[in-house]
Each structure stands twice: as C-alpha cells, then as structure tokens.
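Contents: one structure, followed by commentary.
In full-length UniProt numbering, the protein residues as written are 1 to 465.
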C-alpha cells in the first residue's frame with residue numbers, strides 16, 4: 001500500500017520552503033474537490049500574496065504622479081538640510097560629485113540598491129497604476145512578521161498586495177475595524193497603509209500606530225527632521241532595534257550626511273553583524289573616501305556571507321585595483337562577467353575594466369572597453385564622456401564633441417560632460433557655447449574650482465570684447 005502525504009500538509013510544506021507556485025497549485029486541486037475548504041483558501045491567498053509581497057516599511061520614493069499631483073506640500077522653499085527634495089550640499093560633511101557620483105536628484109549613489117530605486121510595477125507612466133507589485137527587486141523577498149489566524153486578514157493581504165485594489169482593501173479594513181469596535185490594532189495599521197497608498201496623508205497620521213509606517217508619512221511630506229525625531233522616539237521604546245537604526249542611516253544618507261549615516265550603519269552592525277545593507281554602505285563609503293583596502297574587507301565579508309552576484313564582484317575588482325592587488329582585479333571582473341543578469345550590468349563591467357585600462361595606461365584597451373559598454377547599453381553617459389576624452393587625444397574634435405553632447409543630454413546631473421564640453425568649445429574658439437556649458441557645470445557642481453576659473457576667464461574675454 002502506497003503511503004501518500006496529506007495534500008494540505010504538503011502545500012503547507014511547500015509554503016514554508018518558499019515554493020509558492022507549487023503550494024498554490026496543490027491548494028487549487030484541493031479546492032476543486034471541496035470549494036468550501038477555508039484552510040485551503042487561506043493558504044492559497046497567502047501563497048499568492050507572498051509571490052508579490054514587499055515589506056511595507058521599506059522607504060519608497062515618489063513617482064511621477066505623486067510629484068505632479070502633490071497636495072500635501074508643507075513648504076515650497078525649504079531651508080538647506082531640512083528637505084529630501086532639494087539637492088544635497090557638501091557643507092554638512094558629505095562628499096562632492098568630484099569624489100562620489102550623484103544621482104539625478106542630487107543624492108549620492110548608495111552602496112545598496114533598495115526596492116524604492118527599482119519600480120516593479122510596469123504598465124503606466126511610473127510603471128505603477130494598476131499592475132501589482134512584483135518581487136523583482138534588489139532585496140530578497142521578505143515575509144510578513146505577524147501570524148494570520150483569520151481568513152479576513154489573509155483576504156485583506158491578498159486584495160492589497162496581489163490585486164493592488166486599494167479601494168476595496170480600504171473598504172474591507174474599515175468594515176473590519178468597525179466590527180472590532182475600533183479596538184483591533186492590526187486593522188488600524190492596515191487602514192493607515194491604505195490611506196498612505198492613496199496619498200491621503202493627514203488621515204494616515206491618525207491610524208498609523210507603528211513607527212515605521214508613521215515615518216513614511218513624514219518622508220512623503222518632505223519632513224526628514226521630523227522623521228528622524230520619530231525614529232529616535234522609537235529607539236527610546238525599542239533600544240537597539242535594527243530597522244529603526246537603518247531608517248535613520250538611510251535618511252542621513254539621502255541628506256548627503258554620509259559621516260552620520262556611516263555611524264548609524266556601524267550601530268546596526270553592532271546589533272546584527274550580518275546586515276547586508278549596512279556592510280555594503282560602509283564599504284562603499286570607505287571606497288569613496290580613498291580607503292579601498294578597508295572597503296575590500298567589507299566586500300569580502302559579504303562574499304563570506306554568501307552574497308554572490310555581479311555587483312559584488314564588480315566592486316571587489318575596483319577595490320583590488322585601487323588597493324594595488326592587481327592579481328585579483330581581472331579575476332574578479334571575470335567572475336562578474338560570468339554572473340551578469342542583463343545588458344546594463346554587462347555595460348557596467350566593461351566600463352569598469354575600461355577604467356582599469358586607463359589607470360594602467362593602456363588607452364587602446366580602454367577605448368575598446370568603453371565601446372563595448374556602449375554596445376550593451378547605449379545610454380551609458382559615463383562611457384560617452386570617457387570616449388570623448390580619448391577621441392580628443394587622437395585629435396578627432398568633432399567626434400569628441402558629439403560624444404560630449406550625447407553624455408550631457410543623457411546625464412544633465414553630471415558635471416564632467418559639461419566641463420569637458422566647455423573646455424573643448426573654448427579651445428576651438430566657440431566662447432558662447434563654452435560659457436553655456438560652464439554654467440551648466442557650475443549648476444551641477446557649484447564648488448568645482450576649475451569651472452569657476454574657466455568662467456572667470458570667459459567673463460574677462462567677454463569684457464574685453
């Protein structure tokens with residue numbers, strides 16, 4: 001006699017092992033025989049929800065719709081250091097664009113890609129009107145922390161996360177809250193999430209009873225100082241809580257206060273020495289502060305923990321090169337090349353190999369690497385900029401100018417293409433174009449001394465004329 005496992009127990013086993021599709025299929029077979037099996041319905045909705053679930057406490061950035069239709073703005077002109085929407089400055093101890101590359105919003109590039117930086121909901125102008133969220137983000141899928149002991153809570157999670165139907169989820173949460181006589185904290189938190197997703201921030205303040213969800217409201221209202229104070233209040237109640245410390249570090253990092261962010265990331269590691277985001281961000285900070293040997297230790301620690309991807313080997317290759325460990329440089333890039341997942345990653349690897357070639361003086365290899373980077377990603381502004389410099393060394397002025405114009409159109413937040421184009425235009429006698437490009441360079445990097453000197457020379461030329 002053949003012994004078979006109970007189908008519901010097998011489905012639960014698949015769910016515990018994160019084999020969610022197999023779990024859903026077995027539950028579907030159970031429901032074909034008994035459509036009223038509540039346990040199967042509950043497990044299936046949980047499996048479908050977990051497929052697309054992203055932790056709601058992750059800080060998310062505003063999309064195009066929220067920025068264009070914002071009705072919750074507190075101050076249009078905020079003071080420096082009190083807003084997440086204004087470009088950060090280097091006066092608060094943060095790095096300059098000459099040391100650390102910036103994003104288009106003027107924020108330093110972080111050492112860890114978060115769900116907020118990758119939209120996982122394709123289909124509209126911000127890839128996110130109706131399609132549900134996916135798990136295709138830079139961070140491993142996280143699961144809910146609470147137990148789901150009622151079918152109503154599972155149904156809410158299914159509607160909210162899988163169907164992304166916020167309106168019906170809000171109606172369900174409101175009915176459940178009323179049925180519980182407004183005493184159930186879980187439903188109040190879900191009401192706050194629904195109001196937050198619908199950007200009715202004043203209402204969400206009333207219902208968000210957890211510090212992490214409440215903090216999202218203040219960040220959407222562009223009040224990072226208030227969010228920091230709220231996190232610190234949370235630390236008074238929950239000393240050493242890793243998620244609260246990480247949230248403080250993220251806000252400091254977005255405000256370009258890298259030194260404070262690093263201190264909080266170190267506090268995170270004191271509580272959890274396997275925290276991937278903290279290790280990656282501290283390593284990135286050491287690399288950009290001209291300490292590649294120390295950064296190498298942090299990235300090797302990630303490798304020992306089992307983090308095995310293209311980005312890590314890419315960073316290891318650069319750290320080995322700048323730390324003068326040349327025997328490990330090319331082998332790290334070879335590993336990165338073997339682990340690429342898309343053309344953008346392939347382009348980044350070839351670009352970094354080109355940087356290494358420039359460092360050792362092999363300009364022919366560098367030229368070929370930058371060309372390969374553009375072959376995989378023709379929107380790679382940094383590769384266009386470096387190719388323009390190499391073309392100028394060969395005396396191809398028109399080709400160099402075309403590459404620089406392409407680079408500044410693709411990345412107007414970078415000061416290098418504007419400055420290089422200004423220098424090139426000044427050399428060929430086009431002073432007006434040189435002055436325009438120099439002004440754009442100054443807007444992108446006001447503290448750049450070479451740009452200020454060039455503008456001074458051009459103004460003297462114009463005064464003589």
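Using N, Cα and C, we set each Cβ at its ideal position, and we do this for glycine too.
Could you tell me which residues DSSP puts in a beta bridge with residue 255?
Looking at the DSSP assignment, residue 255 forms no beta bridge with any residue, so it has no partner.
Is the segment 40–56 touching the segment 20–30, taking contact as three or more C-beta pairs under 8 Å?
yes
By DSSP, does residue 133 sit in helix, in strand, or in coil?
Any reading at residue 133 needs caution, since the residue's pLDDT is 36, under 50, leaving its predicted position unreliable; the model's value is listed next. If DSSP states are grouped into helix, strand and coil, residue 133 belongs with coil.
Under a Cβ-count criterion, where at least 16 other Cβ atoms within 10 Å of its own Cβ denotes burial, should residue 382 be classed as buried or exposed?
Result: buried.
Please classify residue 337: does DSSP put it in a helix, a strand, or coil?
helix
Work out the CA separation of residue 10 and residue 142 for me, nearest whole Å.
A caution first: residue 142 carries a pLDDT of 36, below 50, which makes its placement in the model too unreliable to give a value.
Looking only at C-alpha atoms, which of 287, 173, 380 and 399 sits nearest to residue 407?
380
Just to confirm, are residue 320 and residue 295 a CB contact at a threshold of 8 Å?
no
Starting from residue 323, trace the alpha helix (DSSP H) both ways and give me its first and last residue.
Residue 323 -> no alpha helix (DSSP H), and no H or E assigned at all.
Within the same chain, show all residues whose beta-carbon is closer than 7 Å to that of residue 335, passing over the 5 residues directly before and after it, in chain order.
313
For residue 354, which residues from the same chain have a beta carbon less than 7 Å from its beta carbon, with the 5 sequence-adjacent residues on both sides left out?
For residue 354, where only same-chain residues beyond five positions count, the Cβ hits under 7 Å are 366, 369, 370, 373 and 386.
Jot down the residue ranges of each uninterrupted alpha helix (DSSP H) in the segment 367–394, minimum 4 residues, whole runs only, in chain order.
381–393
If you drop the 5 nearest sequence neighbours on each side, which residues of the same chain put their C-beta closer than 8 Å to that of residue 452?
442
Is it the case that the segment 232–240 contacts the segment 253–265, given that we only count it when at least three CB pairs across the two stretches are under 8 Å?
no
Can you check which of these residues, 239, 242, 246 and 251, is closest to residue 226 by C-alpha distance?
Checking every option, the nearest Cα to that of residue 226 belongs to 251.
Roughly how many angstroms lie between the CA atoms of residue 155 and residue 239, to the nearest whole one?
34 Å
If you draw a straight line from the C-alpha of residue 288 to the C-alpha of residue 390, how long is it?
24 Å
Does DSSP put residue 305 in a helix, in a strand, or in coil?
In the structure shown, residue 305 adopts coil according to DSSP, grouped into three states.
When the Cα of residue 434 is compared with those of 449, 456, 245 and 447, which residue comes out closest?
Nearest in C-alpha terms to residue 434, of all of 449, 456, 245 and 447, is 456.
Whose C-alpha, out of 29, 31, 19 and 96, is nearest the C-alpha of residue 415?
Out of 29, 31, 19 and 96, 96 has the C-alpha closest to the C-alpha of residue 415.
Please report the distance separating the alpha-carbon of residue 263 from that of residue 249.
Residue 263 and residue 249 have their C-alpha atoms spaced approximately 8 Å apart.
Hey, how far is the Cα of residue 254 from the Cα of residue 378?
28 Å
When you compare only the Cα positions, how much space is there between residue 135 and residue 161?
Note that residue 135 scores 35 on pLDDT, short of 50, meaning its location in the model is unreliable; the coordinates nonetheless yield the value given after this. One C-alpha to the other measures close to 11 Å.
Hey, how far is the Cα of residue 360 from the Cα of residue 244?
44 Å
What's the call for residue 395, buried or exposed, on a 16-neighbour Cβ count within 10 Å?
exposed
Spatial neighbours of residue 363 within its chain, please: C-beta separation below 8 Å, excluding the five flanking residues on both sides.
357, 390 and 393
Taking Cβ to Cβ, would you say residue 246 is nearer than 8 Å to residue 217?
no
Would you mind stating whether residue 277 and residue 445 have Cβ atoms separated by less than 8 Å?
no
If you check the beta carbons only, do residue 400 and residue 388 fall under 8 Å apart?
It is a contact, given that the beta carbons lie within the stated cut-off.
Rounded to whole angstroms, what's the CA-CA distance from residue 290 to residue 283? Just pull it up for me.
11 Å
In whole angstroms, give me the CA-to-CA distance for residue 127 and residue 222.
Any answer about residue 127 is weak, because its pLDDT of 37 lies below 50 and its placement is not dependable; what the coordinates show is given next. One C-alpha to the other measures close to 23 Å.
Between which two residues does the alpha helix (DSSP H) containing residue 447 stretch?
Neither: residue 447 is in no alpha helix (DSSP H) and is coded neither H nor E.
Nearest to residue 41 by CA position, among 18, 404 and 12, is which residue?
12
Between which two residues does the alpha helix (DSSP H) carrying residue 236 extend?
224–237
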